[in-house]
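Note that full-length UniProt numbering has the sequence shown beginning at 1, numbered continuously upward.
Note that beta-carbon positions come from the ideal geometry of N, C-alpha and C, so glycine has one too.
Just so you know, these numbers come straight off a predicted model, no measurement behind them.
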Amino acid sequence: MISIKSLQKYYGSHHVLKDINLTFNPGEIHGVVGENGAGKTTLFRSISGIENFNGTVEYTKGNIKNVMGFLPTDPDFLSKVTGKEYLQLLCNARNIKVNNFAEKNIFDLPLQQYAERYSTGMKKKLAFTGILLQDNDIFILDEPFNGVDIYSNTVITEILAKLKQLNKIIVLSSHIFSTLYETCDYLHYLKKGSIVKSVDKTQFESIEKEMQASGIKVKIDNLNLK
Numbered sequence: 001m002i003s004i005k006s007l008q009k010y011y012g013s014h015h016v017l018k019d020i021n022l023t024f025n026p027g028e029i030h031g032v033v034g035e036n037g038a039g040k041t042t043l044f045r046s047i048s049g050i051e052n053f054n055g056t057v058e059y060t061k062g063n064i065k066n067v068m069g070f071l072p073t074d075p076d077f078l079s080k081v082t083g084k085e086y087l088q089l090l091c092n093a094r095n096i097k098v099n100n101f102a103e104k105n106i107f108d109l110p111l112q113q114y115a116e117r118y119s120t121g122m123k124k125k126l127a128f129t130g131i132l133l134q135d136n137d138i139f140i141l142d143e144p145f146n147g148v149d150i151y152s153n154t155v156i157t158e159i160l161a162k163l164k165q166l167n168k169i170i171v172l173s174s175h176i177f178s179t180l181y182e183t184c185d186y187l188h189y190l191k192k193g194s195i196v197k198s199v200d201k202t203q204f205e206s207i208e209k210e211m212q213a214s215g216i217k218v219k220i221d222n223l224n225l226k
């Protein structure tokens, strides 16, 4: 279990995350939604230990960094590193031996090419493959469906279902509500740095409607489209 208590994050005087309290259990998929700038990426980076913060993130089984795979929105890769070499580096970091990366290449990526030359979607799929090969117990996925083709979205959805079956802890963000309905058990609405609503699957529609009503119609009307 991951227990987040009173998590606060400041950038200078800017209060980015405000008193976040959440609990994530094994075998659950949690979605975090909110407008751009609400603090989703900062929250994920804080949980993953990339950002400093006030408050606590506790994992009941020990050091969270040793069992966590973090998928950023826009993965970066070292220059002149092939897809295969990148996967090898991630496996080496966890002392995991893979004899045949071609068998693990579920997205059919060109592993002999330099990863920095991949398209946006290919980079995301390579990074996702890497954290899957690490045998992580926790997956923090920032927009895993964004920029990825329809077929790969289906593959990712099936992978998430398998990870849930394996009792992993999964937290993801998405702007696409259909993927949230399909994959998540719980949904948390992050607005201006605060969790304003948390619901189970039966109430996802309430958050979708609340987000749609939060000034979207006014903004569209202000365009004065003719």
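Query	Result
Determine, using beta carbons only, whether Gly83 and Leu111 come nearer to each other than 8 Å.	yes
How is the alpha helix (DSSP H) around Val57 delimited, first residue to last?	Unbroken run through Val57 is the beta strand (DSSP E), Asn54 to Tyr59; no alpha helix (DSSP H).
Using only alpha-carbon positions, find the residue among Thr41, Ser3, Lys219 and Asn25 that is nearest to Asp74.	Thr41
Can you tell me where the beta strand (DSSP E) holding Thr82 begins and where it ends?	Per DSSP, Thr82 belongs to no beta strand (DSSP E) and is neither H nor E.
Quick test of your reading: His30 and Ile170, contact by CB under 8 Å. State the CB separation rounded to the nearest angstrom.	7 Å
From the DSSP output, read off the bridge partner residues of Ile140.	Phe70 and Val171
Give the secondary structure of Ser3 by DSSP, where H, G and I count as helix, E and B as strand, and everything else as coil.	strand
For the beta strand (DSSP E) containing Phe101, name the first residue and the last one.	From DSSP, Phe101 is part of no beta strand (DSSP E) but of the alpha helix (DSSP H) over Phe101 to Lys104.
Just verifying my parser: in three-state terms, what is the DSSP assignment at Ser162?	In the sequence on display, residue 162 carries Lys and not Ser. Note: Lys162 maps to helix in three-state DSSP.
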